[in-house]
Amino acid sequence: MHYIDLADGRAFVQDIATLDAAARQAGVLVVSGASSVPALSGAAADHLAQGLATVDAIDIGISPGNRTERGLSTVQAILSYCGKPLPSAHEPVFGWRGTWRHRYPAPVGARLMSPCDVPDLTLLPTRYPGTPRVRFGAGLELRLLHRGMNLMSALAKAGLVRDWSRHARWLKAVSEWLLPFGTDAGAMHVRVEGRDGGNQAQTRLWHLVAARGDGPYVPTLAAAALVRRWLEGTLPQHGALPCIGLLTLADFARETEGLAITMQDTPA
5 MHYIDLADGR AFVQDIATLD AAARQAGVLV VSGASSVPAL SGAAADHLAQ
55 GLATVDAIDI GISPGNRTER GLSTVQAILS YCGKPLPSAH EPVFGWRGTW
105 RHRYPAPVGA RLMSPCDVPD LTLLPTRYPG TPRVRFGAGL ELRLLHRGMN
155 LMSALAKAGL VRDWSRHARW LKAVSEWLLP FGTDAGAMHV RVEGRDGGNQ
205 AQTRLWHLVA ARGDGPYVPT LAAAALVRRW LEGTLPQHGA LPCIGLLTLA
255 DFARETEGLA ITMQDTPA
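Residue numbers (the numbering used here): 5 to 272.
This is the structure we're talking about:
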């Protein structure tokens with residue numbers, strides 16, 4: 005039986021490749037990470053990196069609207085690395101520690117972002133020439149909630165809280181008190197910095213915007229696209245691998261029909 009999952013846990017998605025020999029022997033296809041990351045983020049990075057001789061940096065971010073429904077397992081996953089060290093080849097990085105700002109196209113606008121743990125942090129540096137630095141950030145629409153996560157990260161890093169995921173249930177309930185505030189519009193971005201064949205610096209930027217509450221459909225697009233490609237016979241027929249390099253942005257665009265989801269290259 006073939007297998008596709010929407011996992012975005014870094015270790016799980018990365019280590020699915022250890023099943024490759026067994027999957028080939030069984031004649032089945034096993035794909036992990038058919039979600040916003042690393043499938044869609046990787047497809048966008050591949051698109052932006054075309055024609056670059058080297059890739060120096062990749063910046064990825066996702067910011068859902070505050071009115072977007074969140075499940076308990078999602079909240080637990082986000083809290084599990086709050087204040088914990090994340091993979092970084094340079095300065096130390098901790099989950100939800102530190103903040104920067106990214107401006108998305110309307111109707112989303114500017115959102116605060118903070119570091120989070122995703123498979124891209126270890127999958128993308130080895131994918132492109134130049135071994136790029138990879139940063140991933142998530143942003144909460146309401147600054148009160150976002151700054152709350154920053155504070156929780158500081159408490160965890162200081163050793164005052166061992167594992168915030170143990171408190172997921174009541175923290176989720178508290179966040180839901182604020183559901184009437186904010187919007188249902190979310191967004192995603194990928195920015196690639198590198199040099200072309202003439203050694204000229206290039207910065208390229210891609211955005212996805214989801215309106216009308218359609219943001220929760222974004223993580224499902226990769227699985228739908230994989231099934232379509234598999235039925236068309238244009239996917240590997242067996243093996244176990246992360247969902248990166250299997251789909252293009254055109255594959256994702258086919259699955260957005262009828263949804264208020266737009267994707268576009270944006271001047272950097």
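Every residue gets a Cβ at the ideal spot worked out from N, C-alpha and C, and that includes glycine. Source: prediction; values computed, not measured.
The three-state secondary structure of Asp188, taken from DSSP, is coil. Shown here for Thr270: same chain residues with a beta carbon closer than 6 Å to its own, the five before and five after excluded, namely Leu209 and His211 in chain order. Straight through space, the alpha carbons of Cys120 and Trp234 are spaced by roughly 31 Å.
For the pair Gly55 and Arg195, the Cα-to-Cα distance works out to about 15 Å. Closest in C-alpha terms to Ala48, from the list Asp188, Thr252 and Glu261, comes Thr252. Comparing C-alpha distances from Val222 to each of Asp24, Ala38 and Gly202 shows the shortest one belongs to Ala38. Annotated three-state conformation of Asp24 is helix, per DSSP. The alpha-carbon of Tyr108 is positioned some 34 Å away from that of Ala21.
For Gly46, the secondary structure class from DSSP, reduced to helix, strand or coil, is helix. Assigned with DSSP and collapsed to three states, His171 falls in helix. Taking a C-beta distance under 7 Å as the contact criterion, Val59 and Pro136 qualify as a contact pair. Contact annotation: Trp104 and Met153 have beta-carbon atoms that are not nearer than 7 Å. Per DSSP, reduced to three states, the secondary structure at Gln241 is coil, with no helix or strand assignment. The DSSP-derived three-state label of Ser36 is strand. Counting along the chain, no beta strand (DSSP E) covers Arg232; the unbroken alpha helix (DSSP H) around it starts and ends at Leu225 to Glu236. A distance of 7 Å or more separates the beta carbons of Asp124 and Phe98. If you ignore the 5 residues before and after Asp24, its C-beta comes within less than 6 Å of the C-beta of Gly243 and Ala244, all in its own chain and listed in chain order. Counting along the chain, the unbroken beta strand (DSSP E) around Leu56 starts and ends at Leu56 to Ser67. In the displayed model, Glu73 falls within coil according to three-state DSSP, outside both helix and strand. Annotation: Ile265 to Ala215 spans about 7 Å, alpha carbon to alpha carbon.
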